[in-house]
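Listed in order, the protein sequences are those of chains B and G.
Numbering of the first sequence is given in the numbering used here, commencing with residue 163 and proceeding in unit increments.
Numbering of the second sequence is given in the numbering used here, commencing with residue 2 and proceeding in unit increments.
Just so you know, even glycine gets a beta-carbon here, dropped at the ideal spot from N, CA and C.
To start, the structure under review is shown below, and the notes come after it.
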Amino acid sequence: MIKRTPYRSFLSYIDLSREYYAAYGYSTPYAWISHQQVPFTRLEKPLSECRIGLVTTADLEKLPGDTKQERHLLRKVYAHPVDKAPENFYTRDLQWDDESTHTDDNDSFMPLNRLAECAENGRIGSASPRFYGVMTDYSQGKTSKKSAPQVLEFCKADGVDAVILPAL
Amino acid sequence: MSLVARHLEENKIPTVVVGSARDIVEECGVARFLFTDFPLGNPFGKPWDRQMQRSIMDMALSLLQYAWQGRTTVQTPFTWSEDETWRKTFMHVSEDQREAYKKLGDARRAEQAKVKKPG
């Protein structure tokens, strides 16, 4: 049967979140960043010679604090050894669809094991010995001016050639 | 996440964003985006489905390798389920709950104000 729809089928989270927060009484809608220009860097080496890094927005553990807001203030950009990755990342303070799914399998959002397999089978040169964490921040300025440069420094220090960023 | 990817690209590190919030990532504008039309939470494939996760990893790496210009979006072939009710539940605003939302919002704002001004 042919399915027809007057709407796009993928969800617009910009529309959804605007309506949602308006219903909760937030008067000014969040203004999402919208760029015309997009920076682009070509991969100059074969993948089999590249060291690949992973960036997540998940926390290594639940931070102290009674509320999400309190914990949010304690969140920091981090680099963490892959061989000391947590058994379960802490994702409860992030916004994802916990009615439809769960994050009990790290590899469904932070594929350290899948990347390690690619290093083992030679698809990539190596996986970075550390992975990187950034916080999702209401402040776009903070992300651009503080978190992003810090991740860049971590990547340079680890000799990372290219980065995969799975967004929860 | 997209802003971090853009910063890395500006500094000569190729990136691929992998996710399910297509409009947010594409509005921000990134070099490479691998989109899976799933509920938010599992951008790298269904939990415990190693084959699917391996496919998504393979597609992400191929995108790193073969994209020749910015704003390249590739969609994976996976669907969440035949039943599409998940599209109607997340952040759903039900008309008869509006009063309750407003109260929850007020409580949340009070909490935020408290955190911002401790003591």
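Item, Value
"Taking only the alpha-carbon atoms, compute the straight-line gap between residue 66(G) and residue 59(G) and give it to the nearest angstrom.", "11 angstroms"
"Figure out for me which residue from 50(G), 9(G), 68(G), 95(G) has the closest Cα to the Cα of residue 270(B).", "50(G)"
"At a Cβ cut of 9 angstroms, what residues of the region 191-212 of chain B count as close to chain G, listed as they run along the chain?", "194, 195, 196, 197, 198, 199, 200, 201, 202, 203, 204, 205, 206, 208, 209, 212"
"Measuring alpha carbon to alpha carbon, tell me which residue in 97(G), 72(G), 56(G) is nearest residue 285(B).", "56(G)"
"Residue range of the beta strand (DSSP E) that residue 251(B) falls in?", "First-last for residue 251(B): undefined, no H or E at that position."
"Under 6 angstroms Cβ to Cβ from residue 25(G), same chain only, skipping five residues before and after it: list those, please.", "none"
"In this structure, what does DSSP give as the bridge partners for residue 242(B)?", "293(B)"
"Using a threshold of 8 angstroms, state whether the C-beta atoms of residue 302(B) and residue 116(G) are closer than that.", "no"
"Are the Cβ atoms of residue 239(B) and residue 296(B) separated by less than 8 angstroms?", "yes"
"Give a yes or no on whether the minimum CB-CB distance between residue 97(G) and chain B is below 8 angstroms.", "no"
"Please report the residue range of the alpha helix (DSSP H) in which residue 281(B) lies.", "274-282"
"Distance cutoff 8 angstroms, beta carbons only. Does residue 172(B) sit that close to anything in chain G?", "yes"
"Along the chain, where does the alpha helix (DSSP H) that runs through residue 64(G) open and close?", "51-67"
"Rounded to whole angstroms, what's the CA-CA distance from residue 274(B) to residue 8(G)? Just pull it up for me.", "23 angstroms"
"For residue 28(G), which of 79(G), 83(G), 74(G) has the nearest alpha-carbon?", "74(G)"
"Report the neighbours of residue 229(B) on chain G: residues whose CB is nearer than 8 angstroms to its CB, in chain order.", "112, 116"
"Check whether the Cβ of residue 100(G) lies closer than 8 angstroms to any Cβ atom in chain B.", "no"
"Tell me whether residue 68(G) counts as near the ligand HEM, meaning its Cβ is closer than 7 angstroms to at least one heavy atom of that ligand.", "The ligand HEM is absent from the structure shown, which contains no ligand whatsoever."
"Would residue 285(B) pass as an interface residue toward chain G - the criterion being a Cβ-Cβ separation below 8 angstroms?", "yes"
"Determine the DSSP secondary structure at residue 298(B), reduced to helix, strand or coil.", "coil"
"For residue 84(G), decide whether its Cβ has a neighbour in chain B, counting only Cβ atoms nearer than 8 angstroms.", "no"
"Distance check for residue 72(G) and residue 111(B), CA to CA, integer angstroms please.", "The shown model of chain B, from 163 to 330, leaves out residue 111(B), and the question about it has no answer."
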